[in-house]
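K.L.:
Numbering (the numbering used here), first residue to last: 17 to 139.
What follows is the structure, given as structure tokens:
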């Protein structure tokens, strides 16, 4: 575990930590001065240990409290499926309707969505 504290943190890690500090401030656990001081520590943190130090004496959310990678993948897949099909239907409608050819786009993209979803469900 001590080795984990030496891992370099990214801007996303610092942003999440800043949001978590803000929640602690909003709940009344920190004064304005404490919040600003710890926010400075978060913004200058280079390692996970330095980031953790900003949360001394504060409760921490478990890492799973944010969106899990699997949730993000499902949302991304569903969004891709929806966008492609909406575009196909808009093109069909702009062309005056007629034979509903987007059904083939719906079928093919649904098959691809299900295949990718099944693959991601195993990860």
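We put the CB at the ideal spot given by N, CA and C, even for glycine.
Can you say whether residue 67 is buried or exposed, counting buried as having 16 or more other CB atoms within 10 angstroms of its CB?
P.N.:
Under the 10 Å beta carbon count, residue 67 is surrounded by 16 or more other beta carbons and is classified as buried.
K.L.:
Which value, in whole angstroms, describes the spacing of the CA atoms of residue 91 and residue 135?
P.N.:
15 angstroms
K.L.:
Out of curiosity, what's the CA-to-CA distance linking residue 127 and residue 115?
P.N.:
Each residue's Cα considered, the two are about 22 angstroms apart.
K.L.:
With residue 62 and residue 24 assumed to form a contact (beta carbons below 8 angstroms), what rounded beta-carbon distance in angstroms separates them?
P.N.:
6 angstroms
K.L.:
Measure the C-alpha to C-alpha separation of residue 81 and residue 32 and round it to an integer number of angstroms.
P.N.:
Interpretation of residue 81 is limited by its pLDDT of 44, a score under 50 that renders its predicted location unreliable; the figure taken from the coordinates is listed afterwards. Straight-line Cα distance between these residues: approximately 11 angstroms.
K.L.:
What residue from 45, 111 and 57 has the CA that sits closest to residue 34's CA?
P.N.:
57
K.L.:
What's the gap between the Cα of residue 132 and the Cα of residue 118?
P.N.:
21 angstroms
K.L.:
Taking the alpha helix (DSSP H) that residue 58 belongs to, which residues open and close that run?
P.N.:
48-60
K.L.:
Going by the DSSP bridge assignment, what does residue 24 pair with across the sheet?
P.N.:
Residue 24 pairs with 63.
K.L.:
Spatial neighbours of residue 76 within its chain, please: C-beta separation below 8 angstroms, excluding the five flanking residues on both sides.
P.N.:
36
K.L.:
Thinking C-beta only, is residue 125 closer than 9 angstroms to residue 100?
P.N.:
yes
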